[in-house]
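Undergrad: full-length UniProt numbering puts the first residue of the sequence shown at 1, with every later residue one more than the last.
Sending over a structure as C-alpha coordinates; questions will come in a sec.
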Amino acid sequence: MDQHLEVFIKVVEKENFSKAAEELHMTQPAVSQYIRTLEQSIGTRLLERSNKYVRLNQAGEIVYHHAKEIIALYTKMQSLVDDLTNKASGPIAIGASYTFGEYILPHIIAKMKEQYPDIHPSIRIQNTKEIIELVKKHQLDIGIIEGFYEENVLNSKVVSKDRMVVVASPRHSLLGEKGEIRLADLEEETWILREEGSGTREAAENLFRRYKFTPKKVMEFGSTQLIKESVEAGLGISLLSSWAIKKELTNGYIGIIHVMGLPFKRNFSILTHATYQTKALQTFIETLKTYLGDPKTSRF
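Here you go:
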(Lines of atoms letter the chains of each structure in order from A and count residues from 1; the text may use other names and numbers.)
(Lines give C-alpha, C1' and ligand atoms only; values in the text may rest on other atoms or scores of the structure.)
Protein backbone atom coordinates (compact mmCIF):
# COMPACT_ATOMS: atom_id res chain seq x y z
CA MET A 1 0.00 0.00 0.00
CA ASP A 2 2.96 2.33 0.50
CA GLN A 3 3.49 2.45 -3.28
CA HIS A 4 -0.16 3.38 -3.77
CA LEU A 5 0.35 6.27 -1.36
CA GLU A 6 3.50 7.37 -3.18
CA VAL A 7 1.64 7.42 -6.50
CA PHE A 8 -1.25 9.32 -4.90
CA ILE A 9 1.10 11.94 -3.43
CA LYS A 10 2.82 12.41 -6.79
CA VAL A 11 -0.49 12.88 -8.63
CA VAL A 12 -1.61 15.44 -6.05
CA GLU A 13 1.65 17.40 -6.22
CA LYS A 14 1.80 17.35 -10.03
CA GLU A 15 -1.96 17.97 -10.35
CA ASN A 16 -1.85 15.77 -13.44
CA PHE A 17 -1.87 12.01 -14.11
CA SER A 18 0.41 12.23 -17.15
CA LYS A 19 3.07 14.30 -15.39
CA ALA A 20 2.97 12.00 -12.36
CA ALA A 21 3.32 8.94 -14.61
CA GLU A 22 6.29 10.47 -16.40
CA GLU A 23 8.12 11.25 -13.16
CA LEU A 24 7.35 7.82 -11.69
CA HIS A 25 8.42 6.07 -14.93
CA MET A 26 4.99 4.46 -15.20
CA THR A 27 2.23 4.46 -17.81
CA GLN A 28 -0.76 6.72 -17.25
CA PRO A 29 -3.19 3.74 -17.11
CA ALA A 30 -1.02 2.18 -14.38
CA VAL A 31 -1.14 5.39 -12.35
CA SER A 32 -4.92 5.56 -12.79
CA GLN A 33 -5.24 1.96 -11.60
CA TYR A 34 -3.17 2.70 -8.49
CA ILE A 35 -5.46 5.63 -7.65
CA ARG A 36 -8.62 3.54 -8.22
CA THR A 37 -7.27 0.77 -5.98
CA LEU A 38 -6.42 3.27 -3.25
CA GLU A 39 -9.87 4.87 -3.45
CA GLN A 40 -11.51 1.44 -3.25
CA SER A 41 -9.40 0.60 -0.20
CA ILE A 42 -10.28 3.89 1.51
CA GLY A 43 -13.93 3.58 0.50
CA THR A 44 -14.44 6.91 -1.20
CA ARG A 45 -13.20 9.15 -4.01
CA LEU A 46 -10.16 11.23 -3.15
CA LEU A 47 -9.68 13.28 -6.30
CA GLU A 48 -11.88 15.47 -8.42
CA ARG A 49 -10.92 14.99 -12.07
CA SER A 50 -11.55 16.98 -15.22
CA ASN A 51 -9.80 17.46 -18.56
CA LYS A 52 -7.98 20.47 -17.13
CA TYR A 53 -7.11 19.57 -13.56
CA VAL A 54 -6.87 17.00 -10.77
CA ARG A 55 -7.78 18.34 -7.34
CA LEU A 56 -8.17 16.97 -3.83
CA ASN A 57 -11.63 16.74 -2.33
CA GLN A 58 -12.16 16.85 1.44
CA ALA A 59 -11.42 13.15 1.92
CA GLY A 60 -8.37 13.50 -0.31
CA GLU A 61 -7.02 16.31 1.87
CA ILE A 62 -7.15 13.99 4.89
CA VAL A 63 -5.48 11.09 3.06
CA TYR A 64 -2.78 13.32 1.54
CA HIS A 65 -1.88 14.80 4.94
CA HIS A 66 -1.51 11.37 6.56
CA ALA A 67 0.08 9.75 3.52
CA LYS A 68 3.01 12.18 3.80
CA GLU A 69 3.51 11.15 7.43
CA ILE A 70 3.20 7.43 6.65
CA ILE A 71 5.79 7.57 3.86
CA ALA A 72 8.17 9.54 6.09
CA LEU A 73 7.80 6.98 8.89
CA TYR A 74 8.26 4.08 6.46
CA THR A 75 11.49 5.65 5.15
CA LYS A 76 12.76 6.12 8.69
CA MET A 77 11.87 2.52 9.58
CA GLN A 78 13.80 1.22 6.57
CA SER A 79 16.81 3.37 7.45
CA LEU A 80 16.83 2.06 11.02
CA VAL A 81 16.78 -1.54 9.79
CA ASP A 82 19.59 -0.79 7.32
CA ASP A 83 21.62 0.74 10.14
CA LEU A 84 21.88 -2.63 11.88
CA THR A 85 24.40 -3.82 9.32
CA ASN A 86 25.53 -0.76 7.40
CA LYS A 87 27.62 2.32 8.07
CA ALA A 88 26.13 5.80 8.22
CA SER A 89 24.29 6.26 4.93
CA GLY A 90 20.96 7.06 3.41
CA PRO A 91 18.63 10.06 3.38
CA ILE A 92 18.12 12.67 6.09
CA ALA A 93 15.36 15.26 5.89
CA ILE A 94 16.73 18.37 7.59
CA GLY A 95 14.77 21.53 8.28
CA ALA A 96 16.16 24.80 9.56
CA SER A 97 14.95 28.29 10.26
CA TYR A 98 16.30 30.97 7.95
CA THR A 99 19.33 32.27 9.87
CA PHE A 100 20.68 28.82 10.68
CA GLY A 101 19.68 27.32 7.34
CA GLU A 102 21.15 30.04 5.14
CA TYR A 103 24.32 31.00 7.02
CA ILE A 104 25.43 27.96 9.09
CA LEU A 105 23.89 24.75 7.76
CA PRO A 106 25.69 24.70 4.35
CA HIS A 107 29.07 24.57 6.11
CA ILE A 108 27.92 21.71 8.35
CA ILE A 109 26.58 19.73 5.38
CA ALA A 110 29.87 20.24 3.49
CA LYS A 111 31.92 18.92 6.42
CA MET A 112 29.65 15.90 6.84
CA LYS A 113 29.78 15.02 3.13
CA GLU A 114 33.57 15.06 3.19
CA GLN A 115 33.58 12.15 5.66
CA TYR A 116 30.26 10.50 4.89
CA PRO A 117 29.51 10.77 1.15
CA ASP A 118 26.79 8.12 1.37
CA ILE A 119 24.58 10.32 3.54
CA HIS A 120 22.14 12.21 1.34
CA PRO A 121 20.55 15.22 3.05
CA SER A 122 17.52 17.09 1.77
CA ILE A 123 17.00 20.59 3.13
CA ARG A 124 13.89 22.64 3.92
CA ILE A 125 14.30 26.29 4.95
CA GLN A 126 11.22 27.81 6.60
CA ASN A 127 10.56 30.06 9.56
CA THR A 128 10.74 28.59 13.07
CA LYS A 129 7.00 28.00 13.44
CA GLU A 130 6.79 26.09 10.15
CA ILE A 131 9.84 23.92 10.91
CA ILE A 132 8.30 22.83 14.21
CA GLU A 133 5.11 21.74 12.42
CA LEU A 134 7.03 19.79 9.75
CA VAL A 135 8.98 17.86 12.40
CA LYS A 136 5.76 17.08 14.26
CA LYS A 137 4.26 15.68 11.04
CA HIS A 138 7.32 13.42 10.47
CA GLN A 139 8.12 15.26 7.24
CA LEU A 140 11.51 16.18 8.71
CA ASP A 141 13.93 13.98 10.66
CA ILE A 142 15.38 16.97 12.47
CA GLY A 143 14.65 20.65 12.77
CA ILE A 144 17.04 23.40 13.83
CA ILE A 145 15.25 26.46 15.13
CA GLU A 146 15.98 29.82 16.68
CA GLY A 147 14.80 30.33 20.26
CA PHE A 148 12.99 27.95 22.60
CA TYR A 149 10.63 25.02 22.06
CA GLU A 150 8.51 24.54 25.16
CA GLU A 151 6.09 21.73 24.25
CA ASN A 152 6.58 18.05 25.15
CA VAL A 153 5.68 16.68 21.72
CA LEU A 154 9.31 16.63 20.50
CA ASN A 155 12.77 16.22 21.97
CA SER A 156 14.45 19.62 22.16
CA LYS A 157 18.07 20.39 22.95
CA VAL A 158 19.98 23.66 22.87
CA VAL A 159 23.12 23.27 20.74
CA SER A 160 24.50 26.80 20.58
CA LYS A 161 24.04 30.41 21.59
CA ASP A 162 23.52 33.06 18.93
CA ARG A 163 24.72 36.63 19.46
CA MET A 164 22.45 39.29 17.98
CA VAL A 165 23.44 42.90 17.38
CA VAL A 166 21.89 46.12 16.08
CA VAL A 167 23.15 46.88 12.58
CA ALA A 168 23.01 50.00 10.42
CA SER A 169 24.33 51.48 7.21
CA PRO A 170 28.04 52.36 7.37
CA ARG A 171 26.95 55.98 6.84
CA HIS A 172 24.69 56.02 9.91
CA SER A 173 25.59 58.84 12.33
CA LEU A 174 25.43 56.61 15.42
CA LEU A 175 28.27 54.39 14.17
CA GLY A 176 30.67 57.23 14.99
CA GLU A 177 29.46 57.55 18.60
CA LYS A 178 32.05 56.80 21.27
CA GLY A 179 30.93 54.28 23.88
CA GLU A 180 27.57 52.54 24.06
CA ILE A 181 24.17 54.12 23.58
CA ARG A 182 20.84 53.16 25.14
CA LEU A 183 18.20 51.21 23.24
CA ALA A 184 15.79 54.05 24.05
CA ASP A 185 17.95 56.34 21.88
CA LEU A 186 16.86 54.30 18.85
CA GLU A 187 13.13 54.91 19.33
CA GLU A 188 12.89 57.29 16.37
CA GLU A 189 14.77 54.96 14.02
CA THR A 190 12.99 52.86 11.41
CA TRP A 191 13.36 49.21 12.50
CA ILE A 192 13.35 46.58 9.75
CA LEU A 193 12.12 43.28 11.21
CA ARG A 194 11.31 39.77 9.98
CA GLU A 195 7.74 38.47 9.73
CA GLU A 196 5.67 37.00 12.58
CA GLY A 197 6.64 33.37 13.24
CA SER A 198 10.31 34.03 12.50
CA GLY A 199 12.84 33.28 15.23
CA THR A 200 14.65 36.52 14.42
CA ARG A 201 11.39 38.47 14.88
CA GLU A 202 10.79 36.67 18.20
CA ALA A 203 14.29 37.65 19.38
CA ALA A 204 13.66 41.32 18.52
CA GLU A 205 10.36 41.31 20.39
CA ASN A 206 11.99 39.66 23.39
CA LEU A 207 14.66 42.36 23.39
CA PHE A 208 12.05 45.12 23.17
CA ARG A 209 10.06 43.62 26.07
CA ARG A 210 13.14 43.29 28.21
CA TYR A 211 13.89 46.99 27.91
CA LYS A 212 10.23 48.11 27.70
CA PHE A 213 11.01 49.61 24.33
CA THR A 214 8.56 50.28 21.49
CA PRO A 215 9.91 51.44 18.13
CA LYS A 216 7.74 54.10 16.47
CA LYS A 217 8.42 52.96 12.90
CA VAL A 218 8.59 49.31 11.83
CA MET A 219 8.98 47.75 8.39
CA GLU A 220 8.39 44.00 8.02
CA PHE A 221 10.35 41.95 5.46
CA GLY A 222 10.27 38.19 4.87
CA SER A 223 13.97 37.71 4.12
CA THR A 224 17.15 38.30 6.11
CA GLN A 225 19.06 39.01 2.89
CA LEU A 226 16.52 41.67 1.95
CA ILE A 227 16.85 43.22 5.41
CA LYS A 228 20.65 43.36 5.07
CA GLU A 229 20.43 45.01 1.66
CA SER A 230 17.90 47.52 3.03
CA VAL A 231 20.08 48.33 6.03
CA GLU A 232 23.08 48.83 3.76
CA ALA A 233 21.00 51.20 1.62
CA GLY A 234 20.13 53.29 4.69
CA LEU A 235 16.45 52.35 4.83
CA GLY A 236 16.60 51.57 8.55
CA ILE A 237 18.30 49.54 11.28
CA SER A 238 17.74 45.97 12.42
CA LEU A 239 18.59 43.30 14.99
CA LEU A 240 20.40 40.46 13.23
CA SER A 241 22.43 37.38 14.08
CA SER A 242 26.19 37.80 14.08
CA TRP A 243 26.32 34.65 11.91
CA ALA A 244 24.27 36.40 9.22
CA ILE A 245 26.43 39.52 8.91
CA LYS A 246 29.98 38.14 8.82
CA LYS A 247 30.59 38.94 5.14
CA GLU A 248 28.94 42.37 5.34
CA LEU A 249 31.03 43.36 8.36
CA THR A 250 34.23 42.14 6.73
CA ASN A 251 33.51 44.13 3.57
CA GLY A 252 32.28 47.23 5.40
CA TYR A 253 28.77 47.07 3.92
CA ILE A 254 27.10 47.47 7.32
CA GLY A 255 28.22 48.35 10.82
CA ILE A 256 27.24 47.56 14.40
CA ILE A 257 25.65 50.14 16.69
CA HIS A 258 27.01 49.42 20.15
CA VAL A 259 23.98 49.36 22.42
CA MET A 260 24.09 48.88 26.18
CA GLY A 261 23.14 45.32 27.15
CA LEU A 262 23.92 43.85 23.75
CA PRO A 263 24.74 41.51 22.08
CA PHE A 264 21.37 39.90 22.80
CA LYS A 265 21.72 36.14 23.12
CA ARG A 266 19.25 33.51 21.97
CA ASN A 267 19.41 29.75 21.52
CA PHE A 268 19.74 27.53 18.51
CA SER A 269 17.88 24.29 19.33
CA ILE A 270 17.48 20.95 17.57
CA LEU A 271 14.15 19.12 17.47
CA THR A 272 13.77 15.37 16.96
CA HIS A 273 11.20 12.69 17.68
CA ALA A 274 11.44 10.50 20.77
CA THR A 275 12.30 7.42 18.69
CA TYR A 276 15.47 5.68 17.57
CA GLN A 277 17.71 7.78 15.36
CA THR A 278 19.38 6.47 12.24
CA LYS A 279 23.16 6.43 12.08
CA ALA A 280 22.96 9.06 9.38
CA LEU A 281 20.98 11.38 11.66
CA GLN A 282 23.29 10.71 14.60
CA THR A 283 26.27 11.52 12.39
CA PHE A 284 24.69 14.78 11.27
CA ILE A 285 24.00 15.82 14.88
CA GLU A 286 27.57 15.00 15.91
CA THR A 287 28.95 17.01 12.97
CA LEU A 288 26.67 19.93 13.84
CA LYS A 289 27.80 19.99 17.48
CA THR A 290 31.47 19.76 16.51
CA TYR A 291 31.16 22.63 14.04
CA LEU A 292 29.32 24.90 16.46
CA GLY A 293 31.84 24.14 19.20
CA ASP A 294 34.90 24.88 17.05
CA PRO A 295 36.53 28.23 17.98
CA LYS A 296 37.52 28.69 14.32
CA THR A 297 33.86 29.17 13.42
CA SER A 298 33.27 31.94 15.96
CA ARG A 299 31.18 34.81 14.69
CA PHE A 300 33.64 37.66 15.31
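Positions of the beta carbon are idealized from the N, C-alpha and C atoms, including for glycine.
(1) Measuring alpha carbon to alpha carbon, tell me which residue in 232, 212, 197 is nearest residue 220.
(2) Go ahead and pull the three-state DSSP assignment for residue 95.
(3) Taking contact to mean 3 or more Cβ pairs, one atom from each stretch, closer than 8 Å, check whether the stretch 251-265 and the stretch 121-140 are in contact.
(4) Do residue 119 and residue 102 count as a contact pair if the criterion is CB distance below 8 Å?
(5) I'd like to know whether the C-beta atoms of residue 109 and residue 117 end up nearer to each other than 8 Å.
(6) Pick helix, strand or coil for residue 123, following the three-state DSSP scheme.
(7) Just to confirm my understanding: we take residue 54, look at its own chain, exclude 5 residues before and 5 after, and list those with CB closer than 7 Å. What are they?
(8) How should residue 160 be labelled, buried or exposed, when 16 other C-beta atoms within 10 angstroms of its C-beta is the threshold for buried?
(9) Just to confirm, are residue 287 and residue 88 a CB contact at a threshold of 8 Å?
(10) Indicate the three-state DSSP secondary structure (helix, strand or coil) for residue 341 in the structure shown.
(11) So, residue 241 versus residue 190, is the Cβ gap smaller than 8 Å?
(12) Between which two residues does the alpha helix (DSSP H) harbouring residue 18 extend?
(13) Closest to residue 81 by CA distance: which of 278, 147, 291 is it?
(14) Are the CB atoms of residue 68 and residue 3 nearer to each other than 8 Å?
(15) Thinking residue 38 and residue 31 are a contact (beta carbons under 8 Å), I'd like their distance in whole angstroms, please.
(16) Are the Cβ atoms of residue 192 and residue 235 separated by less than 8 Å?
(17) With the cut-off set at 8 Å, would you say residue 107 and residue 291 are in Cβ contact?
(18) Between 63, 209, 66, 91, which lies nearest to residue 76 when the distance is taken from Cα to Cα?
(19) Which whole-angstrom value is the C-beta distance of residue 266 and residue 224, which I expect to be below 8 Å?
(20) Considering just the uninterrupted stretch of the beta strand (DSSP E) at residue 162, what are its terminal residues?
(21) Just list the residues that DSSP pairs residue 267 with in beta bridges.
(22) With distances taken between CB atoms, is the gap from residue 249 to residue 211 smaller than 8 Å?
(23) Taking residue 222 as the reference, give the member of 154, 26, 49, 99 with the closest Cα.
(24) Which of the three DSSP states is assigned to residue 36 in this structure?
(25) Rounded to whole angstroms, what is the Cα-Cα separation between residue 216 and residue 176?
(26) How would you write the range of the alpha helix (DSSP H) that residue 54 sits in, first residue to last?
(27) Identify every residue that forms a DSSP beta bridge with residue 238.
(28) Which residue from 71, 60, 247, 114 puts its Cα closest to that of residue 49?
(29) Please list, in chain order, all residues of the same chain as residue 7 whose beta carbon is under 8 Å from its beta carbon, the five residues on each side excluded.
(30) Here's the rule I'm using: 16 or more other beta-carbon atoms within 10 Å means buried, otherwise exposed. How should residue 128 be labelled?
(31) So, helix, strand or coil for residue 142, using DSSP?
(32) Helix, strand or coil for residue 247 per DSSP?
TA: According to the data block:
(1) Here residue 220 corresponds to residue number 220 of the sequence shown, with the count starting at 1. The candidate whose alpha carbon is nearest that of residue 220 is 197.
(2) Working through the sequence shown from its first residue, we reach residue 95 at position 95. Residue 95: strand per DSSP, three-state reduction.
(3) no
(4) One-based indexing of the sequence shown puts residue 102 at position 102. One-based indexing of the sequence shown puts residue 119 at position 119. No; because the gap between Cβ atoms is not below 8 Å, this pair is not in contact.
(5) As a working note, residue 109 is residue 109 in the sequence shown. As a working note, residue 117 is residue 117 in the sequence shown. Not closer than 8 Å, so no.
(6) As a first step, residue 123 is located in the sequence shown; it is residue number 123 there, counting from the start. Residue 123: strand per DSSP, three-state reduction.
(7) In the sequence shown, the residue the question calls residue 54 occupies position 54. Same-chain partners within the cutoff: 11, 15, 16, 17, 47.
(8) Locating residue 160 in the sequence shown gives position 160, where the first residue counts as 1. Buried: at least 16 other Cβ atoms inside 10 Å.
(9) Residue 287 sits at position 287 when you count from the first residue of the sequence shown. Residue 88 sits at position 88 when you count from the first residue of the sequence shown. No, they are not a contact pair.
(10) A query on residue 341 cannot be resolved here, the shown segment of the chain reaching from 1 to 300 and no further.
(11) As a position in the sequence shown, residue 241 is number 241, starting the count at 1. As a position in the sequence shown, residue 190 is number 190, starting the count at 1. Their beta carbons are not under 8 Å apart, which means residue 241 does not touch residue 190 by this criterion.
(12) Sequence index remark: in the sequence shown, residue 18 carries index 18 (1-based). Counting along the chain, the alpha helix (DSSP H) containing residue 18 begins and ends at 17-24.
(13) Residue numbering aside, residue 81 sits at position 81 when the sequence shown is read from its first letter. Nearest C-alpha to residue 81: 278.
(14) Reading the sequence shown from its first residue, position 68 is the one you call residue 68. Reading the sequence shown from its first residue, position 3 is the one you call residue 3. No. Outside cutoff.
(15) Numbered from 1 along the sequence shown, position 38 holds the residue referred to as residue 38. Numbered from 1 along the sequence shown, position 31 holds the residue referred to as residue 31. Residue 38 to residue 31, Cβ: 11 Å. No contact.
(16) Sequence index remark: in the sequence shown, residue 192 carries index 192 (1-based). Sequence index remark: in the sequence shown, residue 235 carries index 235 (1-based). Yes, these two residues count as a Cβ contact at 8 Å.
(17) For the purposes of this step, residue 107 is identified with residue 107 of the sequence shown, where counting begins at 1. For the purposes of this step, residue 291 is identified with residue 291 of the sequence shown, where counting begins at 1. Closer than 8 Å, so yes.
(18) Translated into the one-based positions of the sequence shown, residue 76 becomes position 76. Comparing Cα positions, the closest option is 91.
(19) As a working mapping, residue 266 is identified with position 266 in the sequence shown. As a working mapping, residue 224 is identified with position 224 in the sequence shown. Not confirmed; about 14 Å, so no contact.
(20) What you label residue 162 is simply residue 162 of the sequence shown in a count that begins at 1. Segment 155-168, the beta strand (DSSP E) holding residue 162.
(21) Here the question's residue 267 lines up with position 267 in the sequence shown. Residue 267 pairs with 161.
(22) Against the sequence shown, residue 249 aligns to sequence position 249. Against the sequence shown, residue 211 aligns to sequence position 211. No, the pair does not count as a contact, with Cβ atoms beyond the cut-off.
(23) The residue labelled residue 222 in the question sits at position 222 within the sequence shown. The residue with the shortest Cα to Cα distance from residue 222 is 99.
(24) Start at 1 with the first residue of the sequence shown, and residue 36 comes out as number 36. Correct three-state label for residue 36: helix.
(25) Within the sequence shown, the letter at position 216 stands for residue 216. Within the sequence shown, the letter at position 176 stands for residue 176. Each residue's alpha carbon lies about 23 Å from the other.
(26) Taking the sequence shown and counting its residues from 1, the one referred to as residue 54 is at position 54. Residue 54 -> not in any alpha helix (DSSP H); beta strand (DSSP E) instead, spanning 54-56.
(27) The residue labelled residue 238 in the question sits at position 238 within the sequence shown. 167, per the DSSP bridge assignment.
(28) Numbered from 1 along the sequence shown, position 49 holds the residue referred to as residue 49. Selected option, being the one with the closest Cα: 60.
(29) For this step, residue 7 is matched to residue 7 along the sequence shown. Once the five neighbours on either side are set aside, the close Cβ partners of residue 7 are 20, 24, 26, 31, 34, 35, 38.
(30) As a position in the sequence shown, residue 128 is number 128, starting the count at 1. Residue 128 comes out buried.
(31) By 1-based counting over the sequence shown, the position of residue 142 is 142. Of the three classes helix, strand and coil, the one that applies to residue 142 here is strand, per DSSP.
(32) The sequence position of residue 247 within the sequence shown is 247, counting from 1. Of the three classes helix, strand and coil, the one that applies to residue 247 here is helix, per DSSP.
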